[in-house]
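Colleague: Protein chains in written order, with the numbering used here: chain A, 160 to 274; chain B, 226 to 341.
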Amino acid sequence: SAVISQKPSRDICQRGTSLTIQCQVDSQVTMMFWYRQQPGQSLTLIATANQGSEATYESGFVIDKFPISRPNLTFSTLTVSNMSPEDSSIYLCSVGIEGARIEQYFGPGTRLTVT
Amino acid sequence: AQTVTQSQPEMSVQEAETVTLSCTYDTSENNYYLFWYKQPPSRQMILVIRQEAYKQQNATENRFSVNFQKAAKSFSLKISDSQLGDTAMYFCAFMKRPDSWGKLQFGAGTQVVVTP
């Protein structure tokens, strides 16, 4: 199993500013993922964060808007840049562990409100 | 691209009763996983149950079981003996193997309300 923590748990930010969200895992994992959950919506994958290489972004998401760092096997950050009210969402970190069965765990999420 | 459809926005069930949530998906892949996640008001995503597509046997986890119909591309979740703590949003999710390992495609979700 994996225990995932995120900081901050919530924040209120002004339009045009940036926020960096941290994700810490209690064990080493190869791949980490960042998801967005807009109000009342389902989860959408933003990007895959691989240690030692550039993040891989899904369609509709770009590095300039959502830069990601992955300095080691237990930590990643997601930055939401030049925020607008449309960026108000819950951002969730996720890790996958492949053993006898695939286990996919999620962090508690960061609730971002942009005013 | 895969799509996951949950056609029931909300389901209400009384305590101790059984409720079934529907999920259908569209894929041309043969190797994949399916998941049900629960998201209570705390917003923590909790894995409820998983099913490997190559397994014919339906997965079960305590009070939770699935009816996996691969040909029909259907993956329903049955919650038996419903408890108040089961009140949550339930998401069906699809993962293609192996190249999309870890990347989940979610359905829109079904809100389950368990009443006393």
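Where a beta carbon is used, it is the ideal one built from N, C-alpha and C, also for glycine.
Measuring straight from C-alpha to C-alpha, what distance separates MET270 of chain B and ASN255 of chain B?
Modeller: So the alpha carbons of these two residues sit roughly 26 Å apart.
Colleague: Could you tell me which of A:LYS166, A:THR189, A:GLN173 and A:SER201 sits nearest to VAL229 of chain B, measuring between CA atoms?
Modeller: Minimum Cα distance to VAL229 of chain B is reached at A:SER201.
Colleague: Could you run through the stretch 219 to 231 of chain A and flag, in chain order, every residue whose CB is less than 7 Å away from some CB of chain B?
Modeller: Under the 7 Å Cβ criterion, the stretch 219 to 231 of chain A contributes no residue.
Colleague: Is the number of C-beta pairs between the stretch 269 to 287 of chain B and the stretch 327 to 334 of chain B that are closer than 8 Å three or more?
Modeller: The stretch 269 to 287 of chain B, when compared against the stretch 327 to 334 of chain B, does not touch it at the 8 Å Cβ threshold.
Colleague: Please report the straight-line C-alpha distance between SER305 of chain B and THR245 of chain B, rounded to a whole angstrom.
Modeller: Their Cα atoms are separated by approximately 9 Å.
Colleague: To the nearest whole angstrom, what separates the beta carbons of THR269 of chain A and ILE256 of chain A, a pair I think is in contact under 8 Å?
Modeller: That belief does not hold up - the Cβ atoms of THR269 of chain A and ILE256 of chain A are roughly 22 Å apart, past 8 Å.
Colleague: Going by beta carbon distance, what residues of the same chain come within less than 6 Å of CYS172 of chain A, once the five residues before and after it are set aside?
Modeller: Around CYS172 of chain A: LEU178, MET242 and VAL273.
Colleague: THR340 of chain B lies in the beta strand (DSSP E); which residues open and close that run?
Modeller: Per DSSP, THR340 of chain B belongs to the beta strand (DSSP E) from 335 to 340.
Colleague: Between GLN282 of chain B and chain A, is any beta-carbon pair separated by less than 7 Å?
Modeller: No, its Cβ sits nowhere closer than 7 Å to a Cβ of chain A.
Colleague: Under three-state DSSP, which class holds ASP170 of chain A?
Modeller: Three-state DSSP puts ASP170 of chain A in a strand.
Colleague: Let me know the secondary structure DSSP gives ASP324 of chain B once reduced to three states.
Modeller: Of the three classes helix, strand and coil, the one that applies to ASP324 of chain B here is coil, per DSSP.
Colleague: Measure how close the beta-carbons of GLY334 of chain B and GLN231 of chain B come, nearest whole angstrom, since I'm counting them as under 8 Å.
Modeller: Confirmed, about 6 Å.
Colleague: Are the C-beta atoms of TYR258 of chain B and some chain A residue less than 7 Å apart?
Modeller: Yes, its Cβ sits closer than 7 Å to a Cβ of chain A.
Colleague: What does DSSP give as the partner residues of TYR279 of chain B in its beta bridges?
Modeller: Answer is none; TYR279 of chain B lacks a bridge partner.
Colleague: Under the DSSP definition of a beta bridge, which residues are partnered with ASN231 of chain A?
Modeller: Paired residues: A:PHE234.
Colleague: Would you mind sorting GLY266 of chain A into buried or exposed? The rule is 16 or more other CB atoms within 10 Å of its CB.
Modeller: Buried: at least 16 other Cβ atoms inside 10 Å.
Colleague: Would you check if the stretch 253 to 268 of chain B and the stretch 204 to 221 of chain A touch, i.e. whether three or more CB-CB distances between them fall below 8 Å?
Modeller: Output reads no: the stretch 253 to 268 of chain B does not touch the stretch 204 to 221 of chain A.
Colleague: Which one of A:TRP193, A:VAL254, A:THR233 and A:PRO167 has the shortest CA to CA distance from ILE222 of chain A?
Modeller: When each option's Cα is compared against that of ILE222 of chain A, the closest is A:TRP193.
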